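Quick note: to get this note's numbering, add 10 to the position in the sequence shown (first position is 1).
Ideal placement from N, C-alpha and C gives every residue a C-beta, glycine not left out.
It should be emphasised that the depicted structure is a prediction, and the values quoted were computed from it without experimental measurement.
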Amino acid sequence: MTDRLIVTDVAELGDILDRLDRAAAGHGWRIRRPADVPGLQERARAAQTGLRMAAPLVVVLEADPDAVDATDPVDAAALLRRTPVAGVVADGGRELHGR
């Protein structure tokens, strides 16, 4: 089972993904990291410098098969209610950026 999160502050993607991973680990979940985090951050920072809006990025929250106890169903909205992470919102089934 998976759910989706939207990272709105891609310029700080590495830090945000680290915070999300720490928050998710307590529930037996993890974040699927994009392949090119440094490149995505750099492009987002360049967009900010050019006074453009960096495009948000969708990341997947999934059950961690290596977790000792993964009893909670994967739920991005519940995760962010329990542990808010600045620069992230739950997609919440709205499928804002495709499915």
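Counted as a single uninterrupted DSSP element, the stretch harbouring ASP25 is not any beta strand (DSSP E) but the alpha helix (DSSP H) occupying residues 23-35. Judged by DSSP in its simplified three-state form, LEU15 adopts strand. At a Cβ-Cβ threshold of 8 Å, ILE26 and VAL70 do not count as neighbours.
A direct Cα-to-Cα measurement between GLY60 and ARG92 gives close to 35 Å. Every unbroken stretch of the beta strand (DSSP E) spanning 3 or more residues and falling wholly within the region 68-105 is given here in chain order: 98-100. For a cut-off of 8 Å, the C-beta gap from ALA86 to VAL20 is around 17 Å, too long to register as a contact.
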